[in-house]
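All letters in the sequence shown, in the order written, are residues 1 to 321 by full-length UniProt numbering.
In this text, a Cβ means the ideal position worked out from N, Cα and C, and glycines have one as well.
For clarity, every value in this text was computed on a predicted model and none was experimentally measured.
Only one structure is covered here, and it is reproduced in the block below.
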Amino acid sequence: MESITKNRQSLDTLRAMVARAYGKDQVPSGTAEWVHELGHGWFNVAYRLRLRDGYQAVLKVAPPAGVEVMTYERRAMATELAALSLLAATDVPVPTVDFADSSRELVDADWFVMPYVDAENYGVIRSSLSACEQDKLDAAVGAATRSLNALTGPAFGPLGGPGVATWRQCFLGMVSDVLHDGERRAVELDHAGLRALVAAHADCLDEVTGPRFVAWDLWSSNVLVRDGRIVCVIDHERAFYGDPLIEAGFVATEQPSFGNPTAFVRGYGKAAFTANERARRRLYNLYLTATMVIESAYRGRAGSSQQQWARDRLSEAVAAL
Numbered sequence: 001m002e003s004i005t006k007n008r009q010s011l012d013t014l015r016a017m018v019a020r021a022y023g024k025d026q027v028p029s030g031t032a033e034w035v036h037e038l039g040h041g042w043f044n045v046a047y048r049l050r051l052r053d054g055y056q057a058v059l060k061v062a063p064p065a066g067v068e069v070m071t072y073e074r075r076a077m078a079t080e081l082a083a084l085s086l087l088a089a090t091d092v093p094v095p096t097v098d099f100a101d102s103s104r105e106l107v108d109a110d111w112f113v114m115p116y117v118d119a120e121n122y123g124v125i126r127s128s129l130s131a132c133e134q135d136k137l138d139a140a141v142g143a144a145t146r147s148l149n150a151l152t153g154p155a156f157g158p159l160g161g162p163g164v165a166t167w168r169q170c171f172l173g174m175v176s177d178v179l180h181d182g183e184r185r186a187v188e189l190d191h192a193g194l195r196a197l198v199a200a201h202a203d204c205l206d207e208v209t210g211p212r213f214v215a216w217d218l219w220s221s222n223v224l225v226r227d228g229r230i231v232c233v234i235d236h237e238r239a240f241y242g243d244p245l246i247e248a249g250f251v252a253t254e255q256p257s258f259g260n261p262t263a264f265v266r267g268y269g270k271a272a273f274t275a276n277e278r279a280r281r282r283l284y285n286l287y288l289t290a291t292m293v294i295e296s297a298y299r300g301r302a303g304s305s306q307q308q309w310a311r312d313r314l315s316e317a318v319a320a321l
């Protein structure tokens, strides 16, 4: 997808990055056939690289220094690297990191490289699969999400800190940040009304007492599959310590326009939802859909069909509360 946050680089710069990460002997020669931009993401630019010896890697580059991003997206690449380090200890397959550079010497942003995974994007191919195949993979995503959520943190909030002692304080701060982002870009929303609505239902957040690793962005489009199995879960830059119920797979339990959550919930091992859990999930849907509306302005997509779709989902979330 196209976005103003994509920090594209020249071939000469890409060659310099390869040299720094893998050594000068690995720098490809000739034309640009060794590099291919992966266009699926909406935030970082990513390239598939074929090095001189045939090794294939993926290079991710954070947004340019001069492009304004949302509050929770600041230091997103550092968050992803921290997440990958943590998740290496789980049974969920995630990328390894070959090399990371935050020096800003070659480009005006952080970047890192990882091995290329030869697999298909589940979000891209899902509609071409049979109902049985979808069910199996959705359940597998649920099980993987539960494994990630088993990791505990020292406090609620960013993986790298500083965190806070309560989930209520953390989540209300997240809502405040995203609505402030909307006001900064003059996104047409009832910001005061949304703040008041969240505050009126915030008591349900106090039931959450233990910070857990939350991927938050684990949609089917961030799952790579091969032969009917998950082989890699990617894009962990939005991770934090919070309430596992805020995970993407649970969105549709309160908002069917996001799909059918049955297989995911079964794979996760969640038998039923209490009244408190349903109330929390409605709050999380409001936060998610408001974020989706506001981020369109930060991607240069204000007024787009994507933003209108998000506005419709926000209206649903507000009505549910």
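Bounding residues of the alpha helix (DSSP H) (the contiguous stretch that carries residue i)
i: W309; result: S305 to A320
i: H191; result: H191 to A200
i: A16; result: L11 to Y22
i: E133; result: A131 to N149
i: residue 322; result: The chain is shown only over 1 to 321; residue 322 falls outside these bounds and no answer can be derived.
i: A297; result: A275 to Y298
i: residue 322; result: Since the displayed the chain opens at 1 and closes at 321, residue 322 lies outside it and no answer follows.
i: V27; result: V27 -> no alpha helix (DSSP H), and no H or E assigned at all.
i: V124; result: Y122 to I125
Residue i, buried or exposed, once every other Cβ within 10 Å from all chains shown has been counted against 16
i: K24; result: exposed
i: Q134; result: buried
i: A200; result: exposed
i: Q308; result: exposed
i: T291; result: buried
i: P154; result: exposed
i: G267; result: buried
i: P158; result: buried
i: T274; result: exposed
i: A263; result: buried
i: G142; result: buried
Selected residue, minimal CA-CA separation from residue i, among the options
i: R280; options: F250, L314, D110 and L38; result: F250
i: D98; options: I294, R15 and V113; result: V113
i: E80; options: A263, V61, L51 and E68; result: V61
i: H88; options: R313, H236 and G259; result: It is Ala, not His, that sits at residue 88 in the sequence shown. For A88, the nearest C-alpha among the options comes from H236.
i: D118; options: L283, T253 and C232; result: C232
i: L314; options: F264, L189, A263 and P93; result: L189
i: L106; options: T71, A21, D177 and W167; result: A21
i: A186; options: N44, A319, A297 and Q56; result: A297
i: K136; options: D227, R282 and R301; result: D227
i: Y284; options: L129, E207 and W216; result: W216
i: C170; options: R212, G30, L151 and V27; result: R212
i: P244; options: T274, L148, L197 and E183; result: L148
i: Y122; options: R15, G259, R299 and V223; result: V223
i: R52; options: S29, F156, A140 and L86; result: S29
i: V94; options: W111, S304, L218 and Y287; result: L218
i: Y72; options: V318, L321, I294 and A271; result: I294
i: I234; options: L14, T145, D101 and K6; result: T145
i: V69; options: T90, A192, N260 and H180; result: H180
i: V287; options: N260, E247 and A272; result: It should be pointed out that residue 287 corresponds to Tyr in this sequence rather than to Val. Looking at the Cα atoms, E247 is the closest of the given residues.
i: Y55; options: A65, V18, A131 and R184; result: V18
i: V45; options: W111, C132 and R168; result: W111
i: L172; options: L129, C204 and Q306; result: C204
First through last residue of the beta strand (DSSP E) which encompasses residue i
i: C232; result: R229 to V233
i: A46; result: V45 to R50
i: H236; result: Taken as a continuous stretch (DSSP letters only), H236 belongs to no beta strand (DSSP E), as it is neither H nor E.
i: D101; result: F99 to D101
i: L172; result: No beta strand (DSSP E) contains L172, which is instead part of the alpha helix (DSSP H) from W167 to R184.
i: L224; result: V223 to R226
Assigned secondary structure, residue i (DSSP; H/G/I helix, E/B strand, else coil)
i: G157; result: strand
i: T71; result: helix
i: L38; result: strand
i: Q56; result: strand
i: P115; result: strand
i: T90; result: coil
i: G242; result: strand
i: L81; result: helix
i: L218; result: coil
i: V251; result: helix
Own chain partners of residue i with C-beta closer than 6 Å, once the 5 adjacent residues on each side are dropped
i: Y47; result: V35, E37 and L59
i: E33; result: none
i: M174; result: none
Closer than 7 Å: residue i CB and nearest the ligand ATP heavy atom
i: P261; result: What this structure holds is no ligand at all, so the ligand ATP is not there to describe.
Close Cβ partners of residue i (< 7 Å) along its chain, the five nearest in sequence each way excluded
i: E316; result: Q255 and S257
i: A239; result: T79, A83, L159, F213, V214, A215 and W216
i: V225; result: A119, E120, Y122, L137 and V231
i: P64; result: N7, D108 and A109
Contact set for residue i: own chain, Cβ-Cβ below 8 Å, skip 5 residues either direction
i: T96; result: L84, A88, M114 and P115
i: S176; result: R195
i: residue 322; result: An answer regarding residue 322 cannot be provided, because it is not within the stretch 1 to 321 covered by the chain.
i: G163; result: G153, P154, A155, F156, G157, C170, P211 and Y241
i: S221; result: H40, N121, Y122, G123 and V124
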